[in-house]
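Asker:
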Amino acid sequence: YQTPEGEALRQDDKFAYVSCWEFKGSDAAPELHKEELVYESVSMVQRNYK
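In this note's numbering, the protein residues as written are 134 to 183.
(1) Tell whether a beta-carbon distance below 9 Å holds between N181 and E140.
(2) Out of V178, K183, L170, state which residue places its alpha-carbon closest to the alpha-carbon of V151.
(3) Could you tell me the alpha carbon to alpha carbon distance between M177 and D145, rounded to whole angstroms?
(4) Kindly identify the DSSP beta-bridge partner or partners of Q144.
(5) Return the chain-ordered list of same chain residues with a C-beta closer than 7 Å to the C-beta of C153, the five sequence neighbours on each side being excluded.
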């Protein structure tokens with residue numbers, strides 16, 4: 134995904150989390166844990182590096 138200027142486009146609604154996989158043993162599927170990122174004093178915005 135890109136902006137009209139060709140820069141990377143943020144998708145905060147889909148990817149605003151941290152995650153890790155938990156090993157459940159060699160006979161079981163791993164479990165994905167996700168924790169939503171919640172900011173209290175700043176907001177997530179598209180940056181412009183130009």
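Backbone N, C-alpha and C fix where the C-beta goes; we use that ideal spot for every residue, glycine too.
Answerer: Taking the definition as stated:
(1) yes
(2) L170
(3) A direct Cα-Cα distance of roughly 7 Å separates M177 from D145.
(4) Beta-bridge pairing links Q144 to no other residue.
(5) Cβ neighbours of C153 within its own chain (closer than 7 Å, five residues either side excluded): H166.
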